Amino acid sequence: MSNFPPWFSVQQQSGSDVTLPCGNGTEPNRSIMKPPPHQSGMEKPVSKLIPISPQTHSDFRWRRPSNFLFTGKDHLIPLGLREMNNATLGLPAGFIRLQDKFLLVGIQGFRNGENLVVDENGKWLAVHLPDGYQGYPLRMIRLDQERYQVCVEEESELVKPKEAVPDDAAEWRPFFDDEGKLADPVSHLVNQMQKHAADLGAAERATARLAELELIKEWEITAGDEKSPLQVKGLYTVDQARLAQLDGDSLVSLRDCGALYLIYVQLLSGFHMSGLIRIGQRRWKKPEEVELDFGEIDDTGNISFDNL
């Protein structure tokens, strides 16, 4: 069992939900990972997310997914700052506009609800699996201005009551131990989620600095083919011309918040765009102009990706 810092707010003994911080920034990353699509014949993801707690899940068991079909309708995935080093080995990264802010994302497809990086058998095609998927079937949702909440999908086939699991099924694990503390495998995943939450906050701060210096511009992307071009709208990239005009003090400020590193890896990640387009060309039957729908912020300040 890991020892969590006091601000981590894990209080299993009293039956409280498991929560974790957004990071050390003044403003949290406002994204909620949307529930994955239903995939007939494989693990069945559903929409309702339930906070994990000893009171609710002591008598339940869970297991890891055997494939990545649960990512099948995520054409975008929020990325953390440090994660960019691995994520952009195989994915193009860019920005989307959410009201008056920008969000750093990995680009997995060009059509709403279509992930080109996972095949029909659930095989992940990129080098790196984004950190937002690493803990599945556990997921993070934003709880308030300072914390995320660790949840699990209520009716997922990866979560079952203890009595429904054979005694010799070693792959099915408990959420909590006999003392009401997180079981070691869950503790490890929650630890990783804690780091990812902080990383998302770092990405938000670096992205905000890019926006302040007007270094983000619309990304002109043409997919499809010469006969049937697909104009992708709603994605943004670093403005290299504007970057070249910055003074020394501005460059130092970018370096100090990690934004200079972000510029470098985001621009390099564009190398993978052509590969993603080629995958799409093989799958699309009738390319058309796509206006991406990146979700809406509700009255609680959350961003819903339910329509993605």
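Residue numbering for the sequence shown follows the numbering used here, starting at 2 and increasing by one per position. Cβ atoms here follow ideal geometry from the backbone N, Cα and C, with glycine treated the same way. All values reported here derive from a predicted model rather than from experimental measurement.
Indicate the three-state DSSP secondary structure (helix, strand or coil) for residue i in the structure shown.
i: LEU231; result: strand
i: THR89; result: coil
i: VAL118; result: coil
i: GLY181; result: coil
i: VAL253; result: helix
i: PRO167; result: coil
i: ILE264; result: helix
i: ALA242; result: helix
i: GLY271; result: helix
i: GLN247; result: The question names Gln, but residue 247 is Leu in the sequence shown. If DSSP states are grouped into helix, strand and coil, LEU247 belongs with coil.
i: PHE103; result: strand
i: PHE69; result: coil
i: GLY26; result: With a pLDDT of only 39 at GLY26, under 50, the local geometry of the prediction cannot be trusted, and the value read off the model is given with reservation. Correct three-state label for GLY26: coil.
Which residue marks the beginning of the alpha helix (DSSP H) containing residue i, and which one marks its end?
i: ALA203; result: 185-213
i: GLN150; result: Segment 148-154 is the beta strand (DSSP E) holding GLN150; no alpha helix (DSSP H) there.
i: ARG279; result: 274-284
Could you tell me which residues DSSP puts in a beta bridge with residue i?
i: PHE111; result: Bridge partners of PHE111: none, in fact.
i: TYR237; result: PHE96 and GLU219
i: LEU139; result: VAL153
i: PHE61; result: PRO162
i: ARG1; result: Residue 1 lies beyond the stretch modelled for the chain, which goes from 2 to 309, so this question has no answer here.
i: GLY225; result: PRO230
Using the Cβ count rule (16 or more neighbours within 10 Å means buried), how would you classify residue i?
i: LYS74; result: buried
i: SER188; result: buried
i: GLU154; result: buried
i: ASP169; result: exposed
i: ARG62; result: buried
i: VAL106; result: buried
i: ASN86; result: exposed
i: SER67; result: exposed
i: GLN267; result: buried
i: ALA94; result: buried
i: THR72; result: buried
i: GLU84; result: buried
i: TYR265; result: exposed
i: GLN241; result: exposed
i: PHE111; result: buried
i: PHE272; result: exposed
i: GLU28; result: Low confidence applies to GLU28: its pLDDT is 34, below 50, so where it sits in the model is not reliable, and the reading given next is rough at best. Exposed: under 16 other Cβ atoms inside 10 Å.
i: ALA198; result: buried
i: PRO186; result: exposed
i: ARG279; result: exposed
i: SER32; result: Reliability fails at SER32, whose pLDDT of 30 lies under 50, so the model's placement of it is uncertain and the value that follows must be treated cautiously. With 16 or more Cβ atoms within 10 Å of its Cβ, SER32 is classed as buried.
i: ILE108; result: buried
i: PRO79; result: buried
i: THR223; result: exposed
i: ASP132; result: buried
i: GLY225; result: buried
i: VAL160; result: buried
With a cut-off of 8 Å on the beta carbons, I'd call residue i and residue j a contact; round off their distance for me.
i: LEU82; j: ALA204; result: 4 Å
i: ALA207; j: GLY259; result: 5 Å
i: VAL239; j: ILE217; result: 7 Å
i: VAL166; j: ILE53; result: Contact flag wrong, Cβ pair sits at about 17 Å.
i: PHE284; j: LEU117; result: Correcting the residue type first, residue 284 is Arg in the shown sequence and not Phe. Yes, they are in contact, since the Cβ atoms of ARG284 and LEU117 sit about 7 Å apart, within 8 Å.
i: LEU92; j: ALA127; result: 5 Å
i: LEU190; j: GLY136; result: 4 Å
Output the boundary residues of the beta strand (DSSP E) element that contains residue i.
i: PRO131; result: Here PRO131 belongs to no beta strand (DSSP E), and DSSP marks it neither H nor E.
i: ILE51; result: 50-52
i: PRO79; result: 77-79
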